[in-house]
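Trainee: FYI, my numbering numbers position 139 of the sequence shown as 141, with every residue one higher than the one before it. Beta carbons: idealized from backbone N, C-alpha and C, even for Gly. Below are the structure tokens for one structure; questions will follow.
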Amino acid sequence: MSDLLTADQTTAQHDAAAAEKLRLEKASEAEKAKALEEWRAKDAAMKAAAAKTPATKPAAKTDATALGRLKAFEIQYLGLDGNEPVRINGEIERGVGSPFAKLTDEQRAQYAALEKLVAAEAAFAAANAARSQAEADCKVAAREVDAAKVKADASAK
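Written as structure tokens, this is what we have:
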């Protein structure tokens, strides 16, 4: 969860502080002192949390799938101004002068590894779907066997 407050949260905190101020105007000196100590403790905790929070914006969430990681790589290194890279027949342009041609050997190796990961993840998903289908077929066949046994037992009597 983000440490940054939304406008609604900020407004709610402001309203709560105003209500607390009105309550304290009518409170006794002991209640005021107690409330002041609580406020100082909360303020110190908020300042400590703010010191731990980086001043920069949080990074955008990236897709954890292999395809999402590949797409993020393509946009970062091969896209123009953060846009999708140029594709020819669905493939990244790799010709002379293309952004792909300007990648370092390490970046090309990373790209190749990402492509391999995408293929492996797709194969895994297909195998998992086939396994699920085989499992469903097995359950149907077991029900058919049970139904046939009941029918055979009934006809034997």
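Mapping DSSP to helix, strand and coil, what is residue 60?
Mentor: Within the sequence shown, the letter at position 58 stands for residue 60. With a pLDDT of 47 at residue 60, under the threshold of 50, the predicted position of this residue should be treated as unreliable, and no value is reported.
Trainee: What is the DSSP secondary structure of residue 110, counted as helix, strand or coil?
Mentor: Here residue 110 refers to the residue found at position 108 of the sequence shown. Note: residue 110 maps to helix in three-state DSSP.
Trainee: Name the two residues that bound the continuous alpha helix (DSSP H) containing residue 96.
Mentor: To locate residue 96, count along the sequence shown from 1; it is residue 94. No alpha helix (DSSP H) contains residue 96, which DSSP labels as neither H nor E.
Trainee: Given a cut-off of 8 Å, decide if residue 75 and residue 112 are closer than it, judged by their beta-carbon atoms.
Mentor: Taking the sequence shown and counting its residues from 1, the one referred to as residue 112 is at position 110. Taking the sequence shown and counting its residues from 1, the one referred to as residue 75 is at position 73. Yes; because the gap between Cβ atoms is below 8 Å, this pair is in contact.
Trainee: Which residue marks the beginning of the alpha helix (DSSP H) containing residue 105, and which one marks its end?
Mentor: The residue labelled residue 105 in the question sits at position 103 within the sequence shown. Here residue 105 belongs to no alpha helix (DSSP H), and DSSP marks it neither H nor E.
Trainee: Do the CB positions of residue 116 and residue 94 come within less than 8 Å of each other?
Mentor: Residue mapping note: residue 116 aligns to position 114 of the sequence shown, counting from 1. Residue mapping note: residue 94 aligns to position 92 of the sequence shown, counting from 1. No, they are not a contact pair.
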